[in-house]
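Visitor: Let me begin by handing over the structure; questions about it come next.
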Amino acid sequence: MSGGDKKPKHVYLIDGSGFIFRAYYGIKADMVRPDGVSVNAVYGYTRMLMKLVEDTDADHIAVVFDRARKTFRSDIYPDYKANRDAPPDDLIPQFELVRDATRALNVAAVDMDGFEADDLIATYTKQALEQGAEVTIVSSDKDLMQLVGPDVIMFDAMKEKRIGVDEVVEKFGVGPERVIDVQALAGDSSDNVPGVRGIGIKTAALLINEFGDLDAVLDRASEIKQPKRRESLIEEADMARVSRQLVTLRDDVPVDVDLSQFAVRDVEGDALLAFLSEQGFKSMIKSAEARFGGTAPESASPDAGFGAETEAVPVPEVGA
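When we follow the working numbering, the leftmost residue of the sequence shown carries the number 1, and every step to the right adds one.
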């Protein structure tokens, strides 16, 4: 299935970092390998990626990860994401195992110092569109909704839900092209984006729909009838502009991995089965053999404390 020299027609960009946390907090079963390493997030991630690889009609696919917490946004606003706790101790070893799972499925993986995964997704989305391709962003992250358009949709793999322009309007009250303006006014407590005091998503959408865009709202703040709202917008205009910088995704990241490297590659069954066996994911081995071929090692690790019944554990949306 390799086609590295062909122009992409349909590109899948998977928000790997976002999915790890959703899998970790969503799968509550006690999944521990014999060596004591927790693998619940790895299990959920591997199931998702296996299904996507089998079901997708994309000809290019990549998983995009965050590399470090500090990015250029921390230079703009030092308190950006400063409110977030460190990852749980039992999740930390799973970050590298998730990358191992990605390699086992022969899927490209990318990250980059100084930028968030969302910026890389925005950059590769732009490149794909410039080459005439359609893009599916596998994520439920609201920060990526600014990228949705005629040839770009999002897909929540956990809920099997498509997110298009209509769904963005339903969530933000504006189209994708104005999501940044709404976020700049409303802020985002989960990322410590300040926004403007007293303004939430609904009020921000009303203002943007009335005045047109963020700059118009700030320039004409004196016309707003509600005293507290008017005062906040006038006093915190600079903070709204800083917030816009924080929520705007960079689509010009100088990436060092070319989009052509995301061409879909055949899964090597033996490599995948070796990984599944090492993790103790016995409930996935038979389906993997049927889908991708290969033979599982005879010396497979004992089951990691869970069985096929775990397949039905729902994974709710977390922090999106």
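Cβ atoms here follow ideal geometry from the backbone N, Cα and C, with glycine treated the same way.
Should R22 be labelled buried (16 or more other beta-carbon atoms within 10 Å of its own) or exposed?
Guide: For the purposes of this step, residue 22 is identified with residue 22 of the sequence shown, where counting begins at 1. It is buried - the Cβ of R22 has at least 16 other Cβ atoms within 10 Å.
Visitor: In the DSSP assignment, find the beta strand (DSSP E) that holds M239 and state where it starts and stops.
Guide: For the purposes of this step, residue 239 is identified with residue 239 of the sequence shown, where counting begins at 1. Per DSSP, M239 belongs to no beta strand (DSSP E); it is in the alpha helix (DSSP H), 237-247.
Visitor: What's the gap between the Cα of G200 and the Cα of A86?
Guide: For this step, residue 200 is matched to residue 200 along the sequence shown. For this step, residue 86 is matched to residue 86 along the sequence shown. Each residue's alpha carbon lies about 27 Å from the other.
Visitor: Who pairs with T71 in a beta bridge, going by DSSP?
Guide: Counting from one through the sequence shown, the residue named residue 71 turns up at place 71. Beta-bridge pairing links T71 to G114.
Visitor: Looking at C-beta atoms only, is the number of pairs between the segment 219-239 and the segment 101-109 that lie closer than 8 Å three or more?
Guide: Because the criterion of three Cβ pairs below 8 Å is not met, the segment 219-239 and the segment 101-109 do not touch.
Visitor: So what does M154 bridge to, in DSSP terms?
Guide: Taking the sequence shown and counting its residues from 1, the one referred to as residue 154 is at position 154. Beta-bridge pairing links M154 to I137, I163.
Visitor: For the putative contact between V53 and G16, defined by C-beta atoms under 8 Å, what is the C-beta separation to the nearest angstrom?
Guide: As a first step, residue 53 must be located in the sequence shown, where it is residue number 53. As a first step, residue 16 must be located in the sequence shown, where it is residue number 16. With 8 Å as the limit, V53 and G16 do not qualify as a contact, their Cβ atoms being about 14 Å apart.
Visitor: What three-state label does DSSP hand V169 in the structure shown?
Guide: Position 169 of the sequence shown, counted from the start, is the residue given in the question as residue 169. V169 falls in the helix class under three-state DSSP.
Visitor: Buried or exposed: E317, going by 16 or more other Cβ atoms within 10 Å of its Cβ?
Guide: Translated into positions along the sequence shown, residue 317 becomes position 317. With a pLDDT of 36 at E317, under the threshold of 50, the predicted position of this residue should be treated as unreliable, and no value is reported.
Visitor: With distance defined between alpha-carbon atoms, name the residue in V138, R33, I137, D141 nearest to R94.
Guide: As a first step, residue 94 must be located in the sequence shown, where it is residue number 94. The sequence shown places Gln at residue 94, not Arg. Looking at the Cα atoms, R33 is the closest of the given residues.
Visitor: Is DSSP giving V11 helix, strand or coil here?
Guide: For this step, residue 11 is matched to residue 11 along the sequence shown. The answer is strand: DSSP assigns V11 an E or B state.
Visitor: Considering only C-alpha positions, which residue in the set A274, A157, R291, F262 is nearest to D59?
Guide: Against the sequence shown, residue 59 aligns to sequence position 59. Per the Cα distances, F262.
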